[in-house]
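Colleague: For the protein sequence lines, the chains are A and B, in the order given. Reminder that position 26 of the first sequence reads as 26 in this note's numbering, one-by-one numbering, no gaps. Reminder that position 387 of the second sequence reads as 387 in this note's numbering, one-by-one numbering, no gaps.
Protein chains: 2
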Amino acid sequence: MAHHTDEELETKEIDTRSFSSSQGQGTNVPYIHKVGVPPKQDLFKEFTRGAKETFLSDDPLRHFKGQSGSRKFILGLQAVFPILEWSQSYNLTKFRGDLIAGLTIASLCIPQDIGYAKLANLKPQYGLYSSFVPPLIYAFMGSSRDIAIGPVAVVSLLLGTLLQNEIDPTKNPAEYLRLAFTATFFAGITQVTLGFLRLGFLIDFLSHAAVVGFMAGAAITIGLQQLKGFLGITNFTKKTDIVSVMKSVFASAHHGWNWQTILIGASFLGFLLFAKYIGKKNRKLFWVPAIAPLISVVLSTIFVYITHADKEGVQIVNHIAKGINPSSVNKIYFTGENLLKGFRIGVVAGIIALTEAVAIGRTFAAMKDYQLDGNKEMVALGAMNVVGSMTSCYVATGSFSRSAVNYMAGCQTAVSNIVMSFVVFLTLEFLTPLFKYTPNAILSAVIISAVLGLIDIEAAVLIWKIDKFDFIACMGAFFGVVFASVEIGLLIAVSISFAKILLQVTRPRTAILGRIPRTKVYRNIQQYPEATKVPGVLIVRVDSAIYFSNSNYIKERILRWLTDEEELLKAAYLPKIQFLIVEMSPVTDIDTSGIRALEELHRSLQKRDVEILNKNYETMVLSMIHTSSCFFSLFLANPGQVVIDKLFASDFANSIGENKIFLTVADAVLTCAPKAVEEV
Amino acid sequence: MAHHTDEELETKEIDTRSFSSSQGQGTNVPYIHKVGVPPKQDLFKEFTRGAKETFLSDDPLRHFKGQSGSRKFILGLQAVFPILEWSQSYNLTKFRGDLIAGLTIASLCIPQDIGYAKLANLKPQYGLYSSFVPPLIYAFMGSSRDIAIGPVAVVSLLLGTLLQNEIDPTKNPAEYLRLAFTATFFAGITQVTLGFLRLGFLIDFLSHAAVVGFMAGAAITIGLQQLKGFLGITNFTKKTDIVSVMKSVFASAHHGWNWQTILIGASFLGFLLFAKYIGKKNRKLFWVPAIAPLISVVLSTIFVYITHADKEGVQIVNHIAKGINPSSVNKIYFTGENLLKGFRIGVVAGIIALTEAVAIGRTFAAMKDYQLDGNKEMVALGAMNVVGSMTSCYVATGSFSRSAVNYMAGCQTAVSNIVMSFVVFLTLEFLTPLFKYTPNAILSAVIISAVLGLIDIEAAVLIWKIDKFDFIACMGAFFGVVFASVEIGLLIAVSISFAKILLQVTRPRTAILGRIPRTKVYRNIQQYPEATKVPGVLIVRVDSAIYFSNSNYIKERILRWLTDEEELLKAAYLPKIQFLIVEMSPVTDIDTSGIRALEELHRSLQKRDVEILNKNYETMVLSMIHTSSCFFSLFLANPGQVVIDKLFASDFANSIGENKIFLTVADAVLTCAPKAVEEV
């Protein structure tokens with residue numbers, strides 16, 4: 001008993017709110033700190049707090065508090081255009097970092113852009129256009145310092161697939177292009193809307209695991225698509241699943257492959273992969289893989305120009321339109337059937353683009369430890385795509401590979417995007433004719449080497465280790481993309497993610513608690529095998545909020561624990577259980593169904609009580625002597641603020657007796673079975 | 001310091017697994033019980049356990065374990081037909097109870113059946129048919145002892161509304177009837193399937209609050225529909241929303257109302273309500289409201305017969321077909337468009353019928369304290385509707401009002417349903433001609449008085465008190481049904497319920513913990529205003545599993561708590577926070593996104609640490625002296641079994657240091673700020 005004296009003395013001294021029922025019951029029953037019943041909250045306040053936590057959890061208006069009108073205007077401008085804020089402390093040192101980073105990502109983006117445009121079934125210049133206007137807009141409105149903006153592989157593939165489901169890009173190139181701009185416009189609108197309504201948290205519903213699987217699947221699919229250019233196949237399937245593509249490849253094996261193309265492609269792919277390997281080995285040489293694509297393009301172009309390999313069947317880029325982005329405002333469908341199609345495609349592409357950009361932004365913000373307002377980012381990305389759709393760009397977003405290069409090259413601010421944009425501008429104005437003899441196989445090699453980085457096997461292994469359900473979502477997304485299509489993969493990923501949430505709230509865990517030897521701490525006996533059960537007392541912890549979706553399950557599960565335990569005790573001729581303590585620490589909330597379930601549990605226990613009274617009259621009387629005021633057997637330990645509020649509001653607290661609710665499990669055990677604890 | 005000595009001594013004595021890092025650090029640092037890392041579980045076992053808990057949570061096969069083959073067969077038969085089990089202990093005393101209860105509910109069900117059939121736009125005999133076959137089947141297969149089976153108001157209304165959306169019952173009565181049987185067939189199939197696949201938990205997704213609102217809305221709608229019969233209106237709208245109905249009523253006011261009808265209806269409604277009042281006042285007189293409807297029917301029929309009121313425009317039932325249920329197997333659509341329509345309607349009606357029956361079954365099972373296997377119930381209800389659809393019945397289920405009467409009349413087993421069924425059989429065979437002169441107004445009065453019981457204002461008030469969000473779901477369902485339609489009300493209820501679950505997992509609560517004076521217990525300082533913060537330490541409790549849907553929010557929220565707290569301390573010139581303890585007790589699970597969020601949190605804190613080191617070199621050095629081995633500032637307290645498993649699997653436990661994970665918050669505080677705790 002030695003180890004309790006202290007606390008008992010203390011609580012006796014200080015607790016002026018102890019229960020009347022336990023007062024004057026002799027020294028065996030300790031005084032116990034009462035469970036806090038928080039003051040009743042104002043309904044309106046409660047509601048606005050909830051709404052604020054949901055939509056304004058990052059408190060974006062905190063800087064505006066207590067400022068003068070003109071200051072508020074400036075702060076508002078700075079909120080929309082962060083460049084106004086950070087440009088004030090911009091200096092030459094920072095510019096040197098940005099210049100180098102900008103030139104590096106420009107050299108990487110030009111060959112990628114030309115290749116990605118093909119994934120979207122668009123002409124090469126549209127890829128370059130999309131690397132000119134959007135990065136400029138982002139530099140003014142975005143708040144990430146490391147992201148590199150432009151077309152990316154996955155979104156290009158997704159857009160290409162969705163668009164060609166609606167319009168054939170070879171038969172109706174003009175209509176196809178118009179639909180692409182329409183989709184881009186609505187992708188931007190979607191992004192702005194999500195950001196503006198502060199619904200950014202919706203993209204969190206695409207789980208990390210699902211994104212890993214989806215990205216890997218998309219990378220495989222994109223790689224397979226490159227077989228067309230890489231092998232020089234002329235008749236290639238429009239489908240993206242692996243079965244169709246492999247059929248297409250083997251069907252053309254005996255006549256369609258071009259050995260010159262394969263030779264050029266394979267040797268430069270080897271070069272690119274070797275450059276990648278060097279960059280990985282020595283992180284200081286990050287610029288080697290970054291400029292390798294441009295070098296490959298230059299070398300192969302010169303090679304084809306000299307050898308006239310294009311006459312031998314090596315497919316070349318041929319023509320890239322010269323000059324910067326023409327306006328495309330009048331090409332967007334604002335009426336008719338295509339408006340709807342564009343809207344639907346735009347929403348999907350916009351959300352996937354957001355997911356990628358926000359993930360990149362968060363990763364680098366965490367690495368450099370600055371805050372990123374996700375919703376503001378979405379507005380910036382959306383605005384950039386809306387403007388892009390009017391200037392002949394298709395959906396742009398943050399690129400994983402280029403952002404990493406940008407970071408490693410020492411970028412300081414979004415100025416690196418401006419530098420890149422300027423280089424693309426020069427390319428469009430003066431250099432496009434030079435790409436005429438660039439072989440398509442090189443672009444395929446560049447894309448293959450780029451998308452390999454999207455396959456993150458380490459992450460998949462980690463997911464397998466940590467959470468099997470996540471792994472199912474990951475593999476579902478992966479196989480869905482590879483064997484069916486990008487959309488199906490996405491659908492599978494989202495469905496599995498939702499199923500997981502619903503399963504969690506439908507079948508929460510429960511645990512039997514025991515006492516950790518010589519402490520007053522009660523823990524799961526499965527996790528702590530050394531923990532011992534208290535004789536005559538069953539302590540159950542419920543590991544979830546009790547809601548309508550699980551209230552019946554929880555009630556029945558607790559009763560089953562009780563039955564199981566009683567059978568065990570009966571078999572061992574041990575005394576029956578007379579007290580049920582429900583540890584409520586993890587029960588963060590309860591609703592009306594939950595309260596009803598507790599009431600039903602209480603009623604069932606009372607029925608059992610009567611039985612115990614009849615059958616084991618003697619033990620019951622004995623236990624009553626021990627426990628003073630404990631008549632019924634349901635005790636609650638540590639209900640939280642919201643739960644205790646509702647227990648009182650529903651009168652359940654009174655119906656089980658206020659003195660059956662304890663601050664800790666230890667207090668409850670001390671009250672209902674003091675002997676049992678002392679004996680340990 | 002007095003109140004810690006004991007535990008410190010104890011833990012020193014017993015803990016053989018204490019951390020190497022905290023050994024030999026001087027007497028100030030206590031030894032601490034280690035967090036349990038459960039033995040690695042077999043993947044297959046883990047998976048089967050999860051599946052079992054989801055689908056077989058009630059362990060329906062436990063009785064079969066270790067039984068012989070023939071015994072298993074008998075047990076299996078008994079599982080499908082519980083009557084084989086309970087009939088063995090059936091006796092005359094029980095039969096007396098069942099006989100009285102059966103006669104009482106029969107007298108109540110006959111007038112109700114005739115009225116409810118009208119709600120479903122069917123002829124009166126179909127209501128009676130549905131009270132003959134289904135209760136018989138249920139008596140053999142069902143396990144609830146108190147439920148009274150037959151047509152019910154809400155399902156009749158729902159079926160009528162959904163069916164007449166597809167086929168006009170006045171223009172194509174034959175086709176309409178066939179579709180009704182088809183829907184009934186698929187309602188049964190749906191119920192059997194849900195039960196057989198043990199997906200019964202899906203109906204838990206209709207929350208109690210939503211059901212309360214939906215039922216009340218349906219009651220109002222049904223009541224409004226009765227105005228047709230009650231006021232003797234001939235041209236009545238087909239829509240069920242309050243606006244259309246009231247328009248219809250007032251449009252017919254100047255020529256359509258029949259005062260004789262109103263007089264008869266109003267006087268008998270008054271009688272019924274008075275009988276209800278008597279039954280409520282004195283619970284022993286429960287039979288008064290139970291037989292009042294039949295008395296009203298008999299009296300009013302005699303009255304109309306004598307006065308020839310039907311010649312004055314009082315509408316009467318006219319003809320009810322004589323004889324028991326004809327076969328309807330060949331009327332069910334098994335092909336064509338109507339198959340699909342019937343299927344869709346059947347699924348919805350079947351699920352609503354299930355919800356009602358299971359709710360009733362559970363309520364009475366809890367009152368008499370017997371177990372009810374929800375999934376087995378569903379199979380019984382489904383089988384009964386499948387057979388019903390082949391014997392000219394429409395969807396039957398458990399009726400709230402009749403089950404309550406059944407219970408109060410002292411029913412013992414499902415034999416009361418057999419008795420009722422027999423009475424209905426006699427009625428169909430011999431008594432139907434007697435109903436010829438029964439005025440429709442009486443049936444309307446019977447229905448109005450019956451559905452009034454579905455409006456549970458007390459429950460709504462309680463919901464308002466307990467959970468405002470539930471109240472919104474309740475009101476959404478109510479107004480949806482009243483102002484739009486039954487389907488829309490249902491849709492609103494389900495959507496709000498889902499939104500609630502998603503919101504919970506997206507924006508979980510977090511709380512700052514403080515120490516309850518003179519204990520080692522740390523609790524939410526909002527709930528326990530007397531709790532005090534530990535200087536230099538921020539203790540945050542996360543109140544939810546950390547999943548992809550909330551991991552970013554939780555990370556950012558914790559960092560915001562930290563920033564807010566630091567600002568407060570700065571303003572008060574108090575020492576900075578150097579330790580962050582995250583209390584993980586309510587964190588029941590974590591997934592890969594959650595682990596990533598913790599890693600990012602850890603990285604951000606390390607960055608802060610460096611800053612603190614630079615800025616406040618002196619205090620840092622001082623605190624290092626105090627805290628021995630505490631370099632980085634993230635501590636975790638009491639992660640559960642699953643969480644600790646994943647922390648180790650992901651290597652996060654090692655990256656923050658295993659000795660930063662504690663059994664309790666008190667242990668963590670004791671390690672990182674022993675002085676602070678001593679000073680209290």
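Don't be surprised by glycine CBs; every beta carbon is placed ideally from N, CA and C.
Could you give the distance in angstroms between the alpha-carbon of S421/B and the alpha-carbon of I222/B?
Modeller: As a working mapping, residue 421/B is identified with position 421 in the second sequence. As a working mapping, residue 222/B is identified with position 222 in the second sequence. Each residue's Cα considered, the two are about 26 Å apart.
Colleague: For the stretch 194-208 of chain A, enumerate the residues whose C-beta is nearer than 7 Å to any C-beta of chain B, in chain order.
Modeller: Those would be F201, D204, F205, S207 and H208, in chain order.
Colleague: Could you compute how far the alpha carbon of H208/A sits from the alpha carbon of S593/B?
Modeller: The count along the first sequence starts at 1 and reaches residue 208/A at position 208. The count along the second sequence starts at 1 and reaches residue 593/B at position 593. H208/A and S593/B: Cα-Cα distance of roughly 6 Å.
Colleague: What are the residues in the stretch 512-524 of chain A lying within 9 Å of chain B by C-beta distance?
Modeller: Going along the stretch 512-524 of chain A in chain order, one finds I516, P517, R518, T519, K520, V521, R523 and N524 with a Cβ nearer than 9 Å to chain B.
Colleague: Compute the Euclidean distance between the alpha carbons of V245/A and V423/A, then round it to the nearest angstrom.
Modeller: Start at 1 with the first residue of the first sequence, and residue 245/A comes out as number 245. Start at 1 with the first residue of the first sequence, and residue 423/A comes out as number 423. The alpha-carbon atoms of V245/A and V423/A are separated by roughly 36 Å.
Colleague: Under three-state DSSP, which class holds L538/B?
Modeller: As a position in the second sequence, residue 538/B is number 538, starting the count at 1. Looking at L538/B - three-state DSSP - the assignment turns out to be strand.
Colleague: Can you give the Cα-Cα distance for A353/A and T184/A, rounded to whole angstroms?
Modeller: For the purposes of this step, residue 353/A is identified with residue 353 of the first sequence, where counting begins at 1. For the purposes of this step, residue 184/A is identified with residue 184 of the first sequence, where counting begins at 1. The alpha-carbon atoms of A353/A and T184/A are separated by roughly 11 Å.
Colleague: Could you confirm whether any beta carbon from chain A is found closer than 8 Å to the beta carbon of A366/B?
Modeller: As a first step, residue 366/B must be located in the second sequence, where it is residue number 366. By this cut-off, A366/B is an interface position.
Colleague: Label D651/A either buried or exposed according to how many other C-beta atoms from any shown protein chain fall within 10 Å of its C-beta, with 16 as the threshold for buried.
Modeller: If you number the first sequence from 1, residue 651/A lands on position 651. Answer is exposed; the Cβ neighbour count stays below 16.
Colleague: Have a look at V329/B, D645/B and I351/B and flag the residue whose alpha-carbon is nearest the alpha-carbon of V494/B.
Modeller: For the purposes of this step, residue 494/B is taken as the residue at position 494 of the second sequence. Closest by alpha carbon: I351/B.
Colleague: Which value, in whole angstroms, describes the spacing of the CA atoms of I661/B and K570/B?
Modeller: Numbered from 1 along the second sequence, position 661 holds the residue referred to as residue 661/B. Numbered from 1 along the second sequence, position 570 holds the residue referred to as residue 570/B. Answer to the nearest angstrom: the Cα atoms are 29 Å apart.
Colleague: Under a CB-based cut-off of 8 Å, is P586/A close to chain B?
Modeller: The residue labelled residue 586/A in the question sits at position 586 within the first sequence. Yes, because at least one Cβ of chain B sits closer than 8 Å to the Cβ of P586/A.
Colleague: Could you tell me if V419/B is buried or exposed, where buried requires 16 or more neighbouring beta carbons within 10 angstroms of its beta carbon?
Modeller: Locating residue 419/B in the second sequence gives position 419, where the first residue counts as 1. Classification for V419/B: buried.
Colleague: Between V537/A and D470/B, what straight-line distance do the alpha-carbon atoms span, to the nearest angstrom?
Modeller: Reading the first sequence from its first residue, position 537 is the one you call residue 537/A. Reading the second sequence from its first residue, position 470 is the one you call residue 470/B. The straight-line gap from Cα to Cα measures roughly 34 Å.
Colleague: Only counting runs of 4 or more residues, tell me where the alpha helix (DSSP H) segments fall wholly within the stretch 304-390 of chain A, in order along the chain.
Modeller: The stretch 304-390 of chain A contains these whole alpha helix (DSSP H) runs: 337-368 and 374-390.
Colleague: If you draw a straight line from the alpha carbon of D343/B to that of I472/B, how long is it in whole angstroms?
Modeller: Here the question's residue 343/B lines up with position 343 in the second sequence. Here the question's residue 472/B lines up with position 472 in the second sequence. Correcting the residue type first, residue 343/B is Phe in the shown sequence and not Asp. If I take the Cα positions, the gap works out to 31 Å.
Colleague: Just checking: is the beta-carbon of T532/B within a distance shorter than 8 Å of some beta-carbon in chain A?
Modeller: On the second sequence, position 532 is the one that residue 532/B refers to. Taking Cβ atoms only, chain A never reaches closer than 8 Å to T532/B, which makes this a no.
Colleague: Give me the DSSP bridge partner(s) of A637/B.
Modeller: In the second sequence, residue 637/B corresponds to position 637, counting from 1. In the DSSP output, where bridge partners are listed per residue, A637/B has E583/B and F662/B.
Colleague: Identify the continuous alpha helix (DSSP H) that holds T221/A and give its terminal residues.
Modeller: In the first sequence, residue 221/A corresponds to position 221, counting from 1. That run of the alpha helix (DSSP H) goes H208 to Q225.
Colleague: Contact criterion: CB-CB distance below 8 Å. Does Q641/B meet it with respect to chain A?
Modeller: Start at 1 with the first residue of the second sequence, and residue 641/B comes out as number 641. Judged by the 8 Å Cβ criterion, Q641/B is in contact with chain A.
Colleague: Name the two residues that bound the continuous beta strand (DSSP E) containing L443/A.
Modeller: For the purposes of this step, residue 443/A is taken as residue 443 along the first sequence, with counting starting at 1. Not the beta strand (DSSP E): L443/A falls in the alpha helix (DSSP H), residues N440 to V451.
Colleague: Assign S444/B to buried or exposed, taking buried as 16 or more other Cβ atoms, counted over all protein chains shown, within 10 Å of its Cβ.
Modeller: For the purposes of this step, residue 444/B is taken as the residue at position 444 of the second sequence. With 16 or more Cβ atoms within 10 Å of its Cβ, S444/B is classed as buried.
Colleague: Where does I512/B fall in DSSP's three states?
Modeller: For the purposes of this step, residue 512/B is taken as the residue at position 512 of the second sequence. The answer is strand: DSSP assigns I512/B an E or B state.
Colleague: Let me know if L159/B comes out buried or exposed under the rule of 16 or more other beta-carbons within 10 Å of its beta-carbon.
Modeller: Counting from one through the second sequence, the residue named residue 159/B turns up at place 159. Label assigned to L159/B: buried.
Colleague: What number of angstroms, rounded off, separates the C-alpha of R17/B from the C-alpha of N638/B?
Modeller: Position 17 of the second sequence, counted from the first residue, corresponds to residue 17/B. Position 638 of the second sequence, counted from the first residue, corresponds to residue 638/B. Because the pLDDT at R17/B is just 37, under 50, the model does not fix this residue reliably, and the value given afterwards should be weighed accordingly. Distance between the alpha carbons of R17/B and N638/B is about 17 Å.
Colleague: So if DSSP puts N524/A in a beta bridge, which residue, or which two residues, is it bridged to?
Modeller: Along the first sequence, read from residue 1 onward, the residue named residue 524/A stands at position 524. DSSP output for N524/A lists L513/A as bridge partner(s).
Colleague: With 8 Å as the threshold, decide whether the Cβ of D456/B is near any Cβ in chain A.
Modeller: Taking the first residue of the second sequence as position 1, residue 456/B is located at position 456. Cβ-Cβ to chain A under 8 Å: no for D456/B.
Colleague: Any C-beta of chain B within less than 8 Å: which residues of the stretch 334-366 of chain A qualify?
Modeller: Answer in chain order: R362 and A366.
Colleague: Thinking C-alpha only, which one of D146/B, G66/B and R603/B is nearest A370/A?
Modeller: What you label residue 370/A is simply residue 370 of the first sequence in a count that begins at 1. The amino acid occupying residue 370/A in the given sequence is Tyr; Ala does not appear at that position. When each option's Cα is compared against that of Y370/A, the closest is R603/B.
Colleague: Could you tell me whether the Cβ of E565/B comes closer than 8 Å to any Cβ of chain A?
Modeller: Reading the second sequence from its first residue, position 565 is the one you call residue 565/B. Not an interface residue.
Colleague: Report yes or no: do three or more beta-carbon pairs, one from the stretch 386-398 of chain B and one from the stretch 75-93 of chain B, lie closer than 8 Å?
Modeller: No, the stretch 386-398 of chain B does not touch the stretch 75-93 of chain B.
Colleague: Should D146/B be flagged as near chain A, meaning a C-beta pair shorter than 8 Å?
Modeller: Counting from one through the second sequence, the residue named residue 146/B turns up at place 146. Answer no: the Cβ-Cβ gap between D146/B and chain A never drops below 8 Å.
Colleague: Please list the residues of the stretch 535-553 of chain B that have a C-beta atom closer than 8 Å to any C-beta atom in chain A, keeping them in chain order.
Modeller: Answer set for the stretch 535-553 of chain B: D543, S544, A545, Y547, F548, S549, N550, S551, N552 and Y553.
Colleague: So, does the CB of V665/B fall closer than 8 Å to a CB anywhere in chain A?
Modeller: The residue given as residue 665/B occupies position 665 in the second sequence. It does not: the Cβ of V665/B has no partner Cβ on chain A nearer than 8 Å.
Colleague: Report, in whole angstroms, the separation of the C-beta atoms of V304/B and A459/B, which I expect to be a contact under 8 Å.
Modeller: Your numbering for residue 304/B matches position 304 in the second sequence. Your numbering for residue 459/B matches position 459 in the second sequence. Wrong, their Cβ atoms sit about 39 Å apart, outside the cutoff.
Colleague: Find the residues of chain B that neighbour P508/A, judging by a C-beta separation of less than 8 Å, and give them in chain order.
Modeller: Indexing the first sequence from 1 puts residue 508/A at position 508. The answer, in chain order, is T588.
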